[in-house]
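Protein chains in written order, with our numbering: chain A, 36 to 239; chain B, -3 to 231.
Every residue, glycine too, gets a C-beta built ideally from N, C-alpha and C.
Predicted model, so just to flag it, every value in this text is computed and none were measured.
Have a look at the structure below, then the notes.
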């Protein structure tokens, strides 16, 4: 038996601690403020690549929006490099962390501003299609659940080794679809926690 | 050093669906999770240096003009991996109710007062020995709507990162000897007793500061063992 510390739910009141300047309206008055450590805006001045906006709703088993969820994302930069502590990271993009956090609002909507990630190495030397790892927390979740965002306009999806492990009829739940908002590409990625069209979640 | 993250370590976690905690019923996946190999995307994770926190971020009693009401306490401990090696330079974030059991959040309607001198959020980065330390006040217990006369035991919420995105942990630290333990479905969602008790801090008399504050110790163990050639062959 392992000795790890068990997980517990993030509960409904995390926003002032973990995502104080995100989409959640938590503040009873201006007397209470809190420092934001991790932002929903990942774009740094030195970030190269295509700037994109990602947004979506998170829905429970009744299709109701989850208005107290927190979504975290972890991604490579546009050149397909992770800003990991143990890796030497050549410039450009030295300031791009690839980590973001968004609380949902009353409508259960989360959003991020970031850059589209590049391809990254995968198992057995096979490259992985551009993707973002997503970690979801909320009241009613005693442990986090992981999924991935892939991009509908990437031909590499068809050869991605992780997507290939997902039953074909469920792969669509992992694909974000692009629409243009003026000049800005917006990728829509809804998360259905349970039930019809349930999003694929990964056991990692 | 290369890490491996055995999935069996997660056996002590609560089940996604734990019906005694009613909110899990509609918020747990109903289809089996898909097991995937740990790729570079999972084996890497966000890095936080000491610039992620500023001096004083770990003292929740000094964020306002005056001092908060309640019992001042020190909460400290180490963050380890499964081989009991310290995890340095990792971000530890906490948030909690005030001494009356009230959170600074519009959704919290518990009829207990907010404290104008207490927000209840703090952060620290572990030192080279994996050590973190906070100064705060002991949070109050509070009622919630899960079942008739439901009360949460006193607890502080913890968020920790570790070596990669698979070591990410959000948990709650409890206080020793809480009479509410037997009645709390969140605490008891961890069914293994030894594992459950790892979420309970211990009273730390040695690090109590006389005439100033009591102290509680809470060590955190994240996923991750050293990868050795032996393990590779076994699998």
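Check, Outcome
"For a test of the three-state rule: what should DSSP assign to residue 160 (chain A), helix, strand or coil?", "helix"
"For residue 112 (chain B), would you say it is in contact with chain A, using Cβ-to-Cβ distances shorter than 8 Å as the test?", "yes"
"Short of 7 Å Cβ to Cβ, which residues in the region 170 to 198 of chain A face chain B?", "170, 172, 173, 174, 175, 176, 177, 178, 179, 180, 197"
"Please work out which residues of its chain come closer than 6 Å, Cβ to Cβ, to residue 115 (chain A), disregarding the five sequence neighbours upstream and downstream, and give them in chain order.", "153, 154, 155"
"Taking the alpha-carbon positions, what's the residue 182 (chain A) to residue 208 (chain A) distance?", "10 Å"
"Determine the extent of the beta strand (DSSP E) in which residue 173 (chain A) is found, giving its start and end residues.", "166 to 173"
"With a cut-off of 8 Å, does the C-beta of residue 166 (chain B) fall near any C-beta of chain A?", "yes"
"Determine the extent of the beta strand (DSSP E) in which residue 216 (chain A) is found, giving its start and end residues.", "210 to 216"
"Given residue 34 (chain B), which residues of its chain have a CB within under 7 Å of its CB, disregarding the five upstream and five downstream residues?", "1, 162"
"Which term fits residue 223 (chain B), buried or exposed, when burial requires 16 or more other beta carbons within 10 angstroms of its beta carbon?", "exposed"
"Let me check understanding here. Comparing Cα to Cα, which of B:207, B:187, B:209 lies closest to residue 7 (chain B)?", "B:187"
"Find the nearest neighbour of residue 173 (chain A) within the set A:193, A:150, A:191, A:139, judged by alpha-carbon distance.", "A:139"
"Beta-carbon of residue 29 (chain B) versus every beta-carbon of chain A: anything under 8 Å?", "yes"
"So, using beta-carbon positions, are residue 155 (chain B) and residue 39 (chain B) closer together than 8 Å?", "no"
"What are the uninterrupted segments assigned as beta strand (DSSP E) that are 3 or more residues long and contained completely in the region 67 to 117 of chain A, given in chain order?", "86 to 94, 104 to 109"
"Can you tell me whether residue 56 (chain B) is buried or exposed, with buried defined as 16 or more other CB within 10 angstroms of its CB?", "buried"
"Apply the 10 Å Cβ neighbour rule to residue 107 (chain A) and answer buried if 16 or more other Cβ atoms are within range, or exposed otherwise.", "buried"
"What residues match up with residue 198 (chain B) in a beta bridge as DSSP calls it?", "B:213"
"Inspect the beta-carbon positions of residue 135 (chain B) and residue 108 (chain B) and report whether they are closer than 8 Å.", "no"
"How many whole angstroms separate the CB atoms of residue 180 (chain A) and residue 104 (chain A), which I take to be in contact at a CB cut-off of 8 Å?", "Wrong, their Cβ atoms sit about 10 Å apart, outside the cutoff."
"So, residue 100 (chain B) versus residue 110 (chain B), is the Cβ gap smaller than 8 Å?", "yes"
"Which residues in the same chain as residue 91 (chain B) place their Cβ atom closer than 6 Å to its Cβ, once the five residues preceding and following it in sequence are excluded?", "116, 117, 153"
"Considering Cα atoms alone, identify which of B:20, B:123, B:29 is closest to residue 72 (chain B).", "B:123"
"Which residues in the same chain have their Cβ closer than 7 Å to the Cβ of residue 176 (chain A), if we skip the five residues on either side of it in sequence?", "44"
"Could you list the residues in the region 134 to 148 of chain A with a C-beta less than 8 Å from some C-beta on chain B, going in chain order?", "134"
"When we look at the beta-carbon of residue 90 (chain A) and count the other beta-carbons within 10 Å, is it buried (16 or more) or exposed?", "buried"
"Between the region 221 to 229 of chain A and the region 9 to 29 of chain B, do at least 3 Cβ pairs fall closer than 8 Å?", "yes"
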